[in-house]
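Here is the structure we will look at.
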Amino acid sequence: MTSGDWSHQDPPEKSGHRRLRVASQVSLARHPTDGWIAADPHPMRPSVRRALHAVIRAIVPPAPAPQPADLVERVELYVRRFMSYMHPLAAFGLMLAFVLMDWAPRLLLRSRRRLQGLSRSEGARILEALVHSRLELFRSAVLAARGAIMSAYFDQQEVHEALGYAPVPFLRERIERRAKLLEPRAAPAAAGRAS
Amino acid sequence: MILDYTDYASEHDFDADVVVVGTGAGGAVVGAELACAGLRVVFVEEGGYHPTTSFNPYTTESVPRLYRDASATVIFGTPPIPYVEGRCVGGSTVINGGMAYRAPERALDAWQAQVGSADLGPKALEPLFERVEGLIHAREQSEESVGDDSRIMLAGAAKMGWRVSVNRRNQDACVGSNNCSLGCPTGAKQSTLVTYVPRALRAGADCLTEVRVERLLIERGRCVGVSGRAINPRTRKADRAITVRARAVIVACGAVQTPYLLLRHGLGKKSRMLGKNFLCHPNAKVVAIYPHDVQGWRGVSQVAQIREFFDDGILMAENFVAPGVLAAYVPFHGEAAWEVMQRYNQMVVSGVLVEDSGSGSVSRTIFGMPYVRYDITPLDHVRFLKGVRLLATMHFEMGAEYVVLPFTDRQIAHSIDELSRILEKQTKRDTLELFTPHLMGTARMGSRPADSVVGLDGQLWELPGCYVADASLFPTAIGVNPQVTIMALATRIAERLELRRAAA
Chain A
1 MTSGDWSHQD PPEKSGHRRL RVASQVSLAR HPTDGWIAAD PHPMRPSVRR
51 ALHAVIRAIV PPAPAPQPAD LVERVELYVR RFMSYMHPLA AFGLMLAFVL
101 MDWAPRLLLR SRRRLQGLSR SEGARILEAL VHSRLELFRS AVLAARGAIM
151 SAYFDQQEVH EALGYAPVPF LRERIERRAK LLEPRAAPAA AGRAS
Chain B
1 MILDYTDYAS EHDFDADVVV VGTGAGGAVV GAELACAGLR VVFVEEGGYH
51 PTTSFNPYTT ESVPRLYRDA SATVIFGTPP IPYVEGRCVG GSTVINGGMA
101 YRAPERALDA WQAQVGSADL GPKALEPLFE RVEGLIHARE QSEESVGDDS
151 RIMLAGAAKM GWRVSVNRRN QDACVGSNNC SLGCPTGAKQ STLVTYVPRA
201 LRAGADCLTE VRVERLLIER GRCVGVSGRA INPRTRKADR AITVRARAVI
251 VACGAVQTPY LLLRHGLGKK SRMLGKNFLC HPNAKVVAIY PHDVQGWRGV
301 SQVAQIREFF DDGILMAENF VAPGVLAAYV PFHGEAAWEV MQRYNQMVVS
351 GVLVEDSGSG SVSRTIFGMP YVRYDITPLD HVRFLKGVRL LATMHFEMGA
401 EYVVLPFTDR QIAHSIDELS RILEKQTKRD TLELFTPHLM GTARMGSRPA
451 DSVVGLDGQL WELPGCYVAD ASLFPTAIGV NPQVTIMALA TRIAERLELR
501 RAAA
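Chains A and B are the protein sequences, given in the same order.
Using the numbering used here, you'd call the opening residue of the first sequence number 1 and step up by one each time.
Using the numbering used here, you'd call the opening residue of the second sequence number 1 and step up by one each time.
Right under this line is the structure:
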């Protein structure tokens, strides 16, 4: 086996990707600058979308947690995009979970209305009851939907700000710090190339 | 050259000396070693190519592009256990915490005894570990990169009189950006994305990204390549056929996808071990909320592990993650979730890892996806309760206001007394909330076809020309982070393959 010169970096330009743009600087943009194409949101019938909206309203934290005007639509977009990357059966299961949760108030005889007809707090209470249901199907449905929705909500800029979480300036500072650490290594290498 | 979906409109048949399926800790290592030895190597990777400059701290963008199935993967059993795997160039090394532990000597002694060969013993693996550790810069963190959450864990362990092991991590000038699980944006983490894969490409290898391998090509009883389909990035439909013919095929898709692919061809009948012996080091999270700011996101994730109970199969460590990741595991929604999550800056996220005492299985289903089955043993349940008790007690001793526990029915303890009452009621395994990133053991290596899937050279007993090089090879769980051990075994497989070629 050869040992050779194992440098530690992304693939060099010469043998790099044909089309994807490999930026020389980290952008830390929410949608990366590497030419990556995000999948279209998973197709969803209007009735399932209404169920999903009801589930989102019941799951995301109410005020004083941040409530951007387009919150439900934003979370919906991310959840549906997540679904596009799942195995089709898992995505189908998640859609069923949204429908099941929408019907849960009637199935559990807690209300004559579906989730979409209930207030946010009433809906949240019913979903909490489902989490502790003896039926694993109910439990799993709520846990899967909750995971996806909570993940999307807590990734929003307004929520980060409310939590006091500011990763971008912090990462920029760390990237600069590492570049400074590597400067002593870069100088002799550059001198070597010049000579 | 790295190719993607758009390239396959014109090119869809490839030839190589070796085709490697997967670019993680196993595949990238075998591919790089063989490419450097002069072989023509083609990698086939299901995920995309995402360079260091593209990484960011956003869960909603990073998880779909870096994780298999956007992390919606689960092991069925009691309890169900979500698991994660990387699906991108670099595989799970891009999203792991960067822990660079060798398999402990007791595990390697057990391997040696089990397979009846010194090949898997500590002495034989020593030079391989050394080579790998040199190439991925396995070393301890600098003091400046350590965050306050790690300091609390270290102080807590000291207060309890517990032994700790400072982690060696695959890092080069790590500055503690704590974005390991969403891709390291500084390039410090020495994943295969920035080590082995570039090396292989410089040596002339090609990497076909966004291609899902679906079949092995088998002719006259020998594996001669793979076929699959490229995935349209916008629609996620696999709609362009790809074929790679080669003299040797390396399957390195991880302990779930590797047996899933091989089982398609009815392999593993002799030993009946293919897909069996599934091991996963299940983890339970214990989140402690302190009365003061910790800001765990400032500083490296997991600088050390608590090893006091390692001989009982229990590891404990800090493991801080972004709010979008943590929120998916906090067992609340609505107001209750906000009440906990608004204290994000005062949290220490820690976990208990248990070394499996049982095993599960991976099988094929008619739905085109693997079925992974694993039940926690009663012994492991007891270990989890012990680990949670110890870890939560340590947090209370360090002044935590309350801890969020990994149980579906009782989630919060405000004192050690309340913790004891909650733990006394935990009699059922299905109320545990677990998680795992370590999948192992489903195509075990051995010296006899009767009780193993592959030989000590990594080649399938039943299919010449087809090799496995990932954590599927592990005969038993190792109790620590597996990437360095995977890399060492992959180096061995590359060496043997190269020797075989030279002899031929």
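Ideal Cβ positions, reconstructed from N, Cα and C, are used throughout, including at glycine.
When you compare the CB of residue i with every CB in chain A, is at least one pair closer than 7 Å?
i: THR59/B; result: yes
i: VAL294/B; result: no
i: SER452/B; result: no
i: MET369/B; result: yes
i: PRO127/B; result: no
i: GLY228/B; result: no
i: THR442/B; result: no
i: ASP17/B; result: no
i: TYR290/B; result: no
i: TYR467/B; result: no
i: TRP162/B; result: no
Could you check whether residue j and residue i sit closer than 7 Å to each other, using their CB atoms as the reference points?
i: THR485/B; j: ALA103/B; result: yes
i: ARG178/A; j: THR186/B; result: yes
i: ALA173/B; j: LEU171/A; result: no
i: ALA477/B; j: ALA490/B; result: no
i: GLU176/A; j: PRO66/A; result: no
i: GLN302/B; j: ALA288/B; result: no
i: VAL211/B; j: ILE242/B; result: yes
i: GLY228/B; j: VAL213/B; result: yes
i: VAL72/A; j: ALA148/A; result: no
i: MET83/A; j: HIS42/A; result: yes
i: ASP102/A; j: LEU115/A; result: yes
i: ALA16/B; j: ALA246/B; result: yes
i: VAL19/B; j: VAL244/B; result: yes
i: ASP155/A; j: THR53/B; result: no
Taking only beta-carbon atoms, is residue i less than 7 Å away from chain B?
i: ARG74/A; result: no
i: HIS87/A; result: yes
i: ARG21/A; result: With a pLDDT of 46 at ARG21/A, under the threshold of 50, the predicted position of this residue should be treated as unreliable, though the coordinate-derived value follows. No, ARG21/A does not count as interfacial toward chain B.
i: LEU181/A; result: yes
i: GLU84/A; result: Reading off the sequence, residue 84/A comes out as Ser, not Glu. Closer than 7 Å to some Cβ of chain B, the Cβ of SER84/A qualifies, so yes.
i: PHE98/A; result: no
i: ASP34/A; result: yes
i: SER151/A; result: yes
i: ASP70/A; result: no
i: VAL26/A; result: yes
i: ASP155/A; result: yes
i: ARG114/A; result: no
i: LEU137/A; result: no
i: ASP102/A; result: no
i: GLY147/A; result: yes
Do you know offhand how far residue i's Cα is from residue j's?
i: TYR5/B; j: ALA70/B; result: 19 Å
i: LEU473/B; j: TYR374/B; result: 18 Å
i: PHE309/B; j: VAL403/B; result: 21 Å
i: VAL372/B; j: ARG185/A; result: 47 Å
i: ASP356/B; j: ARG87/B; result: 25 Å
i: GLU433/B; j: ARG146/A; result: 14 Å
i: SER165/B; j: ARG174/A; result: 26 Å
i: VAL94/B; j: LEU118/A; result: 43 Å
i: LYS428/B; j: ILE493/B; result: 43 Å
i: ARG21/A; j: ALA38/A; result: For ARG21/A, the pLDDT reaches just 46, beneath the cut-off of 50, and the residue's location in the model is therefore unreliable, although a value from the coordinates is still provided. Between ARG21/A and ALA38/A, the C-alpha separation is close to 15 Å.
i: ARG168/B; j: ASN481/B; result: 11 Å
i: GLN483/B; j: TYR101/B; result: 8 Å
i: PRO378/B; j: SER27/A; result: 49 Å
i: VAL142/A; j: ILE2/B; result: 40 Å
i: ARG505/B; j: TYR85/A; result: Lying outside 1 to 504, the shown extent of chain B, residue 505/B is not represented and no answer is given.
i: TYR290/B; j: ASN345/B; result: 9 Å
i: HIS414/B; j: MET341/B; result: 16 Å
i: HIS381/B; j: PRO80/B; result: 14 Å
i: GLN305/B; j: ARG112/A; result: 53 Å
*Counting Cβ pairs, one atom from each stretch, are 3 or more of them under 8 Å apart for the segment 419 to 429 of chain B and the segment 254 to 269 of chain B?*
With contact defined as three or more Cβ pairs closer than 8 Å, the segment 419 to 429 of chain B and the segment 254 to 269 of chain B are not in contact.
*Could you tell me whether the segment 382 to 389 of chain B touches the segment 351 to 361 of chain B, using the rule of 3 or more Cβ pairs below 8 Å?*
Touching, yes.
_Report the start-end ranges of each alpha helix (DSSP H) in the segment 40 to 98 of chain A that is 4 residues or longer and not cut off at the edges._
Taken in chain order, the whole alpha helix (DSSP H) runs of length 4 or more contained in the segment 40 to 98 of chain A are 46 to 59 and 71 to 85.
*At 3 residues or longer, and completely inside the segment 72 to 137 of chain B: list those beta strand (DSSP E) runs for me, N to C.*
Entirely contained in the segment 72 to 137 of chain B, the beta strand (DSSP E) runs reaching 3 residues are, in chain order, 73 to 75 and 81 to 83.
*Would the segment 265 to 273 of chain B and the segment 25 to 32 of chain B be scored as touching if the rule is three or more Cβ pairs under 8 Å?*
No, because fewer than three Cβ pairs between the segment 265 to 273 of chain B and the segment 25 to 32 of chain B fall closer than 8 Å, the two stretches do not touch.
*State whether the segment 130 to 140 of chain B contacts the segment 277 to 297 of chain B, with contact taken as three or more CB pairs (one from each stretch) at a distance under 8 Å.*
Contact fails: fewer than three Cβ-Cβ distances are below 8 Å.
*In the segment 191 to 225 of chain B, which residue ranges form an unbroken alpha helix (DSSP H) of at least 4 residues, counting only runs that do not cross its ends?*
Qualifying alpha helix (DSSP H) stretches, in chain order: 196 to 202.
*Whole beta strand (DSSP E) runs in the segment 249 to 319 of chain B with 3 or more residues, listed along the chain?*
The segment 249 to 319 of chain B contains these whole beta strand (DSSP E) runs: 283 to 289, 304 to 306 and 314 to 318.
*Check whether the segment 331 to 345 of chain B touches the segment 396 to 414 of chain B, taking contact to mean three or more Cβ pairs, one atom from each stretch, closer than 8 Å.*
Counting Cβ pairs under 8 Å, three or more are found: they touch.
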